[in-house]
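In what follows, a structure is listed as structure tokens, so that the remarks can point back to it.
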Amino acid sequence: MAATLAAGLFGVLLFAGGQLLLLPEFYHPIHLSLGFAAVVVCWLVALQGWAVFPHTLSTERLMMGALFFSAGALFSVHFVLSFTEDDVLAALFSLAARFTLAWGLLFLFSRPDEVMERQSGQRWQAFLAAFLYTAAVSLFIHITSLFWPAHGTSRWPFWWRAGEGAVGLLDAAAAVFAWRRFRQGRAPASLYWSMALLLFALGQWLLMLGSGYGLWGQLYEMAGFLYVVRAMYMETVEKPYVELKHREQQLEMMANALGEGLLMVNRDGQIVWMNPEASRLIGATLEEAKGKPLFSFVSLAGPDGDKWDWKQLRRVVKRLKSGEVIRVEEEPFRRRDGVCLPVGYTLAPVLENGALAGLVAVLRDMTEKKEKERLEREREQLDFELSLAANMQRSLLQTSSKVNLPSYIDIGVLSVPARVLSGDFYHFAVHQTSVSVGIADVSGKGIPAAMLMTLMKFILDRTVHYGTQPHVYLDLLNRFAYDYTEPSMFVTMFVGNYNEKTHTFSYACAGHEPALWYRAKTKQCVPLGAKGCALGLFPQFSFETKSVVLESGDFVLLYTDGVTEKRTEEADDDFSVLAAMVARVNLDQPAPEIVRELYEHIQAYHQYEQKDDQTLLLLRRR
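The sequence shown begins at 621 in the working numbering and counts up by one.
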């Protein structure tokens, strides 16, 4: 929009400039005023380039400062000579200054900016080169001016106008490069540089026309210098301020997002700033606490009361003055509202010229940490108690393993809990002419199942005796489970009794998986099941006892559902899986080894993590 307006004004001035007549006494003061303004702008830009370079190390800033130094020096000579009658020499210095700016800005905007490595003397070298360039141009103008006729510029010879037009072309080309840089998003200030160079170009072409257009050309040039001032203001003041503000906002957002309180205190101990977490810990908002002493909001909450130990505080201040960072793991703080909090904190001093200017405090609420430590201690205690209970449970189950077995049978057993405590249990006992066995699975897992399992094991061990049919065991256990367990809990069980004289294996089932009867002659597995529901569901139930005759080499395998449970959608969960695993086991080895190898095959088949207690019990007739 600004470019369109400038072009429109240029068209209007082409018509109006030739009609404008100024008296000589008015033209000269206006010319001097505009020339002085150009001198001031050039020296300001040069000074800015000198001052800013150490902070930015920008090659473009340094070269631009040196460029405007040369242009400012040449414009200054032009301004001084304007007070004399040597208008030829003054005009030459003006043209040299404009040419210097045109080709210099074209060079700068046609190349990317670079950040230099910090080296001593870079500014002096650049400005010395600019000074030498200015001196060389001045000497050249002084020598060539001798060949100019008096009042030569008033006739505007062709080559002079060509020089003015060429400078305008250089300005226009530089404006294109500045506009392209702006469109690429590399520098917002490039838009103002583009406008300044466009106005310089229009001004040069108006100066080329001469007559009344010359004054309008200087006005365009002055407008261009105003855009230069705007561009430099954006780069040196506005842009750093916006970036600083943006970084402050980012830092504040980061500080507000911290889980720790962040608080800044000045040299007088007054709160300057704090984030929301610090505000929560001291019990006051930033508006309430700003400018007030920190100790008016928090105090120690120890046995000595709520006052600070000022001797201790003086020692803390002394340590901070030496630059030491103080860390306290935990200290009880009492807020102004009476709430006590365990707080850990870090005090970091802010030093200016070796003097303590303030401090930054990082506050950590230790309440959650202390609660975690308490829960961790309770968990460790619970783990210890569970390990004791597990040891007692294993001891209870292993009492059966210490029984001396008669020569006519062989027994192997293996029980693996899913957790520390098991809800499975097994039983075998030797009588005068028989051996009783049993296996059970209590519903659920963990402590409740383990407690019920212990009770049921104790009762089973005390109720079985010679001559009792297996269904009688289940009747007794069912009445106990129904009377003394929660309605949501139940027990599945399989019990059996092997008679040495008749080689009969009598068994009964209470909602448990059928046992596996392996027949040595046929090498086939037969399921042994009987009518019965889980123990504890009904006050009375009519369980039944069935019998099979075991031949030499036959065995009965009792197991819990954790052995055959499905662990993937593709896996089977039935008797056939276990029968297939039995076929892969070496049955010539002792019963304990058969059970161990069978368990390994089962684990390899399922491959996934065990989710339920697993128990196997094998009784084999020799």
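Cβ coordinates follow ideal geometry from the N, Cα and C atoms, glycine included.
Between F1110 and V1036, the alpha-carbon positions lie close to 20 Å from each other.
Around the beta carbon of H866, fewer than 16 other beta carbons sit within 10 angstroms, so the residue counts as exposed. Beta-bridge partners of S919 (DSSP): R954. The stretch 967-1005 is shown to contain whole beta strand (DSSP E) runs of 3 or more residues at 975-985, in chain order.
As summarised for the stretch 1052-1096, the continuous beta strand (DSSP E) elements at least 3 residues long and confined to that stretch are 1054-1062, given in chain order. Pairwise C-beta distances place the stretch 737-756 out of contact with the stretch 816-834, as fewer than three of them are shorter than 8 Å. Under the DSSP assignment, H762 falls outside any beta strand (DSSP E), being part of the alpha helix (DSSP H) whose first and last residues are 742-764.
A distance below 6 Å between beta-carbons, with the five flanking residues on each side excluded, links L687 to the following residues of its chain, in chain order: G724. Looking at A1199, L1207, V970, Y1104, the one whose alpha-carbon comes closest to that of G1173 is L1207.
Inter-segment contact for the stretch 1072-1080 and the stretch 1131-1150 is absent: fewer than three beta-carbon pairs are separated by less than 8 Å. Assignment of beta-bridge partners to K1166 by DSSP yields Y1127. In this structure, the beta-carbon distance from H1123 to R1240 does not fall below 8 Å. By the criterion of at least three beta-carbon pairs nearer than 8 Å, the stretch 893-910 is in contact with the stretch 957-970.
In the three-state reduction of the DSSP assignment, Q838 falls in the helix class, which pools H, G and I.
Nearest in C-alpha terms to A1154, of all of S1196, T1184, F1100, is F1100. H1226: not part of any beta strand (DSSP E); member of the alpha helix (DSSP H) spanning 1211-1226, first to last residue.
Residue range 1144-1148 is occupied by the beta strand (DSSP E) that includes P1147. Per the C-alpha coordinates, the member of L1034, D1003, G1064 positioned closest to G1043 is G1064. Buried is the label assigned to A716, since at least 16 other Cβ atoms lie within 10 Å of its Cβ. For F1110, there is no enclosing beta strand (DSSP E), as DSSP marks it with neither H nor E. Fewer than three beta-carbon pairs drawn from the stretch 965-984 and the stretch 994-1002 are found closer than 8 Å, and the two stretches are therefore not classed as touching.
Only exposed fits V945, as fewer than 16 other CB atoms lie within 10 angstroms of its CB. Judged by DSSP in its simplified three-state form, H1132 adopts coil rather than helix or strand. The shortest C-alpha to C-alpha distance from E972 to any of T987, L983, G943 is the one to G943. A direct Cα-to-Cα measurement between E949 and Y965 gives close to 7 Å.
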